[in-house]
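**Student:** Mind having a look at this structure? Questions to follow.
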Amino acid sequence: MSGTSMAAPMVTGTLAAWMQARPSLTPEETRDIIRKTSRTDEFTGDVNVTGNTWGWGKLDAWNGIKECLVINGVEGIETGDVDDILFYYSQSDGNIRLLFSRDCTDAVLSVYNTSGSAVIQKKYSYTTTGDEIYVSLAGLQRGIYVVNISTSGFVKSLKIII
Numbered sequence: 031m032s033g034t035s036m037a038a039p040m041v042t043g044t045l046a047a048w049m050q051a052r053p054s055l056t057p058e059e060t061r062d063i064i065r066k067t068s069r070t071d072e073f074t075g076d077v078n079v080t081g082n083t084w085g086w087g088k089l090d091a092w093n094g095i096k097e098c099l100v101i102n103g104v105e106g107i108e109t110g111d112v113d114d115i116l117f118y119y120s121q122s123d124g125n126i127r128l129l130f131s132r133d134c135t136d137a138v139l140s141v142y143n144t145s146g147s148a149v150i151q152k153k154y155s156y157t158t159t160g161d162e163i164y165v166s167l168a169g170l171q172r173g174i175y176v177v178n179i180s181t182s183g184f185v186k187s188l189k190i191i192i
């Protein structure tokens, strides 16, 4: 499916996700984020010419979220609504993806098997707002694991199946 009937809900959902990352998002910031993070390819053509049909290009939801978090870092986060680290497991590429929503010191990622043994442990002494880290789970046997990420003021766990 294509066209405005599909574009409108996609853009609306993307903006809702951006507003979770930055609740005070303004229309001006939204336009700047779209301008800065939109992607171009052979189908969008040259977006720098008058009368193009793609505006600033194709909406990039993930990089828009990262940009919202960078804006928060510049202005300082005073709300507890955003976790220090957003993370998820991508079955398609076998990576855990970490996105830091504020500057962090001494972050630790641990992956535990069902016996409670740490099979992966990564330490990050300093990360800045908007940093994105990929941790490969290649080589782990199929099964259930618990991923734990922690900083001095934040702990979160996720169960995954490989």
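In this text, residue positions in the sequence shown follow our numbering: the first is 31, and each later residue adds one.
Backbone N, C-alpha and C define an ideal beta-carbon position, used for all residues, glycine too.
Computed from a predicted model, the values in this text were never measured in an experiment.
Could you pull out every residue in the same chain whose Cβ sits closer than 6 Å to the Cβ of Thr-56, ignoring the five residues on either side in sequence?
**Tutor:** Residue 56 sits at position 26 when you count from the first residue of the sequence shown. If we look at Thr-56 and ignore the five residues flanking it on each side, it has no Cβ neighbours.
**Student:** Rounded to whole angstroms, what is the Cα-Cα separation between Glu-108 and Asp-136?
**Tutor:** Taking the first residue of the sequence shown as 1, we reach residue 108 at position 78. Taking the first residue of the sequence shown as 1, we reach residue 136 at position 106. Unreliable placement is indicated for Glu-108, whose pLDDT of 36 sits below 50; no coordinate value is reported for it.
**Student:** Alpha carbon to alpha carbon, what distance is there between Val-100 and Ser-131?
**Tutor:** For the purposes of this step, residue 131 is identified with residue 101 of the sequence shown, where counting begins at 1. For the purposes of this step, residue 100 is identified with residue 70 of the sequence shown, where counting begins at 1. Ser-131 and Val-100: Cα-Cα distance of roughly 7 Å.
**Student:** Roughly how many angstroms lie between the CA atoms of Arg-61 and Leu-116, to the nearest whole one?
**Tutor:** Taking the sequence shown and counting its residues from 1, one reaches residue 61 at position 31. Taking the sequence shown and counting its residues from 1, one reaches residue 116 at position 86. Cα to Cα, Arg-61 sits roughly 24 Å from Leu-116.
**Student:** Measuring CA to CA, which of Tyr-119, Ala-51, Arg-172 is closest to Tyr-164?
**Tutor:** As a position in the sequence shown, residue 164 is number 134, starting the count at 1. It is Tyr-119.
**Student:** To which residues of the same chain is Glu-97 closer than 7 Å at the C-beta, ignoring the five residues directly before and after it?
**Tutor:** As a position in the sequence shown, residue 97 is number 67, starting the count at 1. If we look at Glu-97 and ignore the five residues flanking it on each side, its Cβ neighbours are Ile-63, Lys-66, Thr-67.
**Student:** Here's a check: name, in chain order, each residue in its chain whose Cβ is nearer than 6 Å to the Cβ of Gly-106, leaving out the five neighbours to either side.
**Tutor:** Translated into positions along the sequence shown, residue 106 becomes position 76. For Gly-106, the predicted structure reports a pLDDT of 37, less than 50, and the residue's modelled location is therefore unreliable. A value from the coordinates is still provided. Excluding sequence neighbours, Gly-106 sits near nothing in its chain.
**Student:** Cα separation between Leu-167 and Lys-152?
**Tutor:** Locating residue 167 in the sequence shown gives position 137, counting from the first residue. Locating residue 152 in the sequence shown gives position 122, counting from the first residue. Roughly 12 Å between the two C-alpha positions.
**Student:** Let me check understanding here. Comparing Cα to Cα, which of Thr-181, Val-149, Gly-160 lies closest to Gln-171?
**Tutor:** For the purposes of this step, residue 171 is identified with residue 141 of the sequence shown, where counting begins at 1. If we check each option's Cα against that of Gln-171, Val-149 comes out closest.
**Student:** With Thr-181 as the anchor, note down where its beta strand (DSSP E) starts and where it stops.
**Tutor:** Walking along the sequence shown from the start, residue 181 turns up at place 151. Segment 174-181, the beta strand (DSSP E) holding Thr-181.
**Student:** Considering Cα atoms alone, identify which of Gly-87, Val-176, Leu-188 is closest to Glu-72.
**Tutor:** If you number the sequence shown from 1, residue 72 lands on position 42. Measuring from the Cα of Glu-72, the nearest candidate turns out to be Gly-87.
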